[in-house]
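Enquirer: Would you mind keeping the following structure in view while I ask a few things?
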Amino acid sequence: MDEAEAKHLFEPTGDFQCLHEFLPAARAKLSDHIWGYLVGATETETTLRRNRMALDSIALRPRVCVDVSKIDTSTTLFGRKLRLPMFLAPVGSLESFDPGGAATAGRAASAFGIPIMASSVTHPGLEAVAAAASGPKIFQLYVRGDNAWIDDVVKRAIDNGFDAFAITVDTAAYSRRERDITGRFVKPWRSTATGQSWQAGFTWDNVKHFKDKHSIPLILKGIATGEDAALCCEHGVDGVYVSNHGGRQLDHGRGSMDVLPEVMAAVRGRAKVLIDGSFCRGTDIVKAIALGADAIGMGRMYCYALAADGDAGVHKMLELLEHEMGVAMALAGARSLAELNPSFVHRGAPTVTMPHAHSGLPLLFPTPEFQG
0 MDEAEAKHLF
10 EPTGDFQCLH
20 EFLPAARAKL
30 SDHIWGYLVG
40 ATETETTLRR
50 NRMALDSIAL
60 RPRVCVDVSK
70 IDTSTTLFGR
80 KLRLPMFLAP
90 VGSLESFDPG
100 GAATAGRAAS
110 AFGIPIMASS
120 VTHPGLEAVA
130 AAASGPKIFQ
140 LYVRGDNAWI
150 DDVVKRAIDN
160 GFDAFAITVD
170 TAAYSRRERD
180 ITGRFVKPWR
190 STATGQSWQA
200 GFTWDNVKHF
210 KDKHSIPLIL
220 KGIATGEDAA
230 LCCEHGVDGV
240 YVSNHGGRQL
250 DHGRGSMDVL
260 PEVMAAVRGR
270 AKVLIDGSFC
280 RGTDIVKAIA
290 LGADAIGMGR
300 MYCYALAADG
310 DAGVHKMLEL
320 LEHEMGVAMA
330 LAGARSLAEL
340 NPSFVHRGAP
350 TVTMPHAHSG
360 LPLLFPTPEF
370 QG
């Protein structure tokens, strides 16, 4: 590693030089209602905290005397080259954080070299997001109609160049998000939403219909057990997306990283494995890759950056994550993602911080606003 490369890895420049710096900047621009929606989860918020605890209880096992003068953080996903093994996870109402919504976020993701997974409940809509995101992109759907309705959305996604199609399967009922309820806040799209019964009635028969009719890779988002991961593979699903909706749906669920090992055992290489759930650091990504995940989704973290500084903020956040991941891999003794494996991690390490939405960013702790 020459001096210029070392400076690139270890000396970030610009207004934001640490990931936690995006949060105060975002908070200053967001209303209490929108901030509560962003940081909150369902009921007791136990699942959210377990997401972070599952990550924090994994320690890294570094190997030394390895030539790490060159580090490669790139990978491929559904035939597209990615600069990092991650994507912008689907988030509803992105327009609450930046007027351009998913178009702004998608433009930043494409400029950096990772996908956005665009939510069907965020503005400006499928076609506009596709026009803004010139790079790899995935469309995520909440089911609001029958198979014919889904087929129509799939056709639009294919026609607009999306590389894969994700269907969320952990929202059969809309959860009680008590921060929103206490503040008497209803997201704009919720007040006009219809067709929830179609999501509640979505079954493996619908998955079979999709795979029989469409060639675009299918991802099921919201897998939380090895049993359902195995069923995904039996139905030809291309991407098993381990997620508990960021703790926003079922309360008292397990942390995503606690679920990952049994999903990997069930999938056995038959599908790509994606995961999200309180990921916010480069070391978090390294841990998930070491345990077998193919790509990691980040939601809240990029929303802070989006609110703080639009597409420039998201791009800078991704640069910082790249710095952190490069440093972590070099110090762990892994030159590429292919070299990471379970021998690089130790599960069951004692945690040092009480988990909450921001416990991965501990320099925020002196401010009560960020203590979850």
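Going by numbering that gives the first Met the number 0, the sequence shown opens with residue 0, and the numbers climb by one from there. Beta carbons are placed, not taken as given, at the ideal position from N, Cα and C, and that holds for glycine. The structure presented is a predicted model; accordingly, all values stated were derived computationally and were not measured.
#1: Classify T301 as helix, strand or coil using the three-state DSSP reduction.
#2: Would you check if the region 306-319 and the region 90-103 touch, i.e. whether three or more CB-CB distances between them fall below 8 angstroms?
#3: Alpha carbon to alpha carbon, what distance is there between M316 and Q16?
#4: Per DSSP, what kind of secondary structure is V351 in: helix, strand or coil?
#5: Count the CB pairs spanning the region 143-161 and the region 197-210 that are closer than 8 angstroms, and state whether there are at least three.
#6: In its own chain, which residues sit with a C-beta less than 6 angstroms from the C-beta of C279, not counting the 5 before and 5 after it?
#7: Can you tell me where the alpha helix (DSSP H) with H32 in it begins and where it stops?
#8: If we count Cβ pairs, one from each stretch, closer than 8 angstroms, do we get three or more for the region 82-99 versus the region 25-38?
#9: Give a yes or no on contact between the region 323-333 and the region 26-40, applying the rule of three or more CB pairs nearer than 8 angstroms.
#10: Which same chain residues end up closer than 8 angstroms to H7 when comparing Cβ atoms and leaving out the 5 residues on each side of it in sequence?
#11: So, does the region 277-297 touch the region 259-267, judging by three or more C-beta pairs under 8 angstroms?
#12: Just list the residues that DSSP pairs D71 with in beta bridges.
#13: With H, G and I counted as helix, E and B as strand and the rest as coil, what does DSSP make of R79?
#14: Provide the residue(s) that pair with A58 in DSSP beta bridges, ordered along the chain.
#15: DSSP on S118, reduced to helix/strand/coil?
#16: State whether the region 37-57 contacts the region 246-257, with contact taken as three or more CB pairs (one from each stretch) at a distance under 8 angstroms.
#17: Please name the residue, chosen from M85, E44, H213 and N159, that lies closest to R175 on a Cα-to-Cα basis.
#18: Pull up the distance between the alpha-carbon of L140 and that of G225, whole angstroms please.
#19: In its own chain, which residues sit with a C-beta less than 6 angstroms from the C-beta of A329, not counting the 5 before and 5 after it?
#20: With a 10 Å radius around its C-beta and 16 neighbouring C-beta atoms as the bar for buried, classify H345 as buried or exposed.
#21: Given a cut-off of 8 angstroms, decide if A108 and P114 are closer than it, judged by their beta-carbon atoms.
#22: Can you list, in chain order, the residues of its chain with a C-beta nearer than 6 angstroms to that of A131? Leave out the 5 residues immediately preceding and following it.
#23: Okay, do the region 229-237 and the region 145-160 touch, 3+ Cβ pairs below 8 angstroms being the bar?
#24: Measuring alpha carbon to alpha carbon, tell me which of G254, G124, I215 and T202 ends up nearest L54.
#25: With H, G and I counted as helix, E and B as strand and the rest as coil, what does DSSP make of T103?
#26: Compare the Cα-Cα distances from D283 to each of V168, G134, G91 and F343 and report the closest residue.
#27: Terminal residues of the continuous beta strand (DSSP E) containing I166?
#28: Nearest to K210 by CA position, among Y240, I149 and R60, is which residue?
#29: Nearest by alpha-carbon distance to P349: which of L125, L59, G13 and T41 is it?
#30: Once DSSP output is grouped into helix, strand and coil, what is the label at I295?
Expert: Judging by the given coordinates:
#1: In the sequence shown, residue 301 corresponds to position 302, counting from 1. The sequence given here has Tyr at residue 301, not Thr. Helix.
#2: yes
#3: Indexing the sequence shown from 1 puts residue 16 at position 17. Indexing the sequence shown from 1 puts residue 316 at position 317. The alpha-carbon atoms of Q16 and M316 are separated by roughly 9 angstroms.
#4: As a working mapping, residue 351 is identified with position 352 in the sequence shown. It is coil, neither helix nor strand.
#5: yes
#6: Here residue 279 is taken as the residue at index 280 of the sequence shown, counted from 1. So the qualifying residues of the chain are M300 and G359.
#7: Working through the sequence shown from its first residue, we reach residue 32 at position 33. First-last of the alpha helix (DSSP H) with H32: D31 to V38.
#8: yes
#9: no
#10: Within the sequence shown, the letter at position 8 stands for residue 7. Note that H7 has pLDDT 48, beneath the 50 cutoff, so the model's placement of it is unreliable and no number is given.
#11: yes
#12: For the purposes of this step, residue 71 is taken as residue 72 along the sequence shown, with counting starting at 1. Beta-bridge partners assigned by DSSP to D71: S335.
#13: What you label residue 79 is simply residue 80 of the sequence shown in a count that begins at 1. Three-state result, R79: strand.
#14: Here the question's residue 58 lines up with position 59 in the sequence shown. Paired residues: H345.
#15: For the purposes of this step, residue 118 is taken as the residue at position 119 of the sequence shown. It is a strand residue.
#16: Taking 8 angstroms as the limit for Cβ pairs, the verdict is that the region 246-257 does touch the region 37-57.
#17: The residue given as residue 175 occupies position 176 in the sequence shown. Taking only the C-alpha atoms, the option nearest R175 is E44.
#18: Residue mapping note: residue 140 aligns to position 141 of the sequence shown, counting from 1. Residue mapping note: residue 225 aligns to position 226 of the sequence shown, counting from 1. Those two C-alpha atoms are separated by around 23 angstroms.
#19: The sequence position of residue 329 within the sequence shown is 330, counting from 1. Correct list, in chain order: V67 and I70.
#20: In the sequence shown, residue 345 corresponds to position 346, counting from 1. Per the 10 Å Cβ criterion, exposed.
#21: For the purposes of this step, residue 114 is taken as residue 115 along the sequence shown, with counting starting at 1. For the purposes of this step, residue 108 is taken as residue 109 along the sequence shown, with counting starting at 1. Yes, the pair counts as a contact, with Cβ atoms nearer than the cut-off.
#22: Counting from 1 along the sequence shown, the entry for residue 131 is found at position 132. The answer, listed in chain order, is A102, G105 and R106.
#23: no
#24: If you number the sequence shown from 1, residue 54 lands on position 55. Considering only alpha carbons, the answer is G254.
#25: Looking up residue 103 in the sequence shown gives position 104. Look at T103 here: in three-state DSSP terms it is helix.
#26: For the purposes of this step, residue 283 is taken as the residue at position 284 of the sequence shown. Comparing Cα positions, the closest option is F343.
#27: Residue 166 sits at position 167 when you count from the first residue of the sequence shown. Run containing I166: A163 to T167, per the beta strand (DSSP E) assignment.
#28: Numbered from its first residue, the sequence shown carries residue 210 at position 211. Closest option to K210, Cα to Cα, is I149.
#29: Here residue 349 is taken as the residue at index 350 of the sequence shown, counted from 1. Taking only the C-alpha atoms, the option nearest P349 is L59.
#30: Reading the sequence shown from its first residue, position 296 is the one you call residue 295. Of the three classes helix, strand and coil, the one that applies to I295 here is strand, per DSSP.
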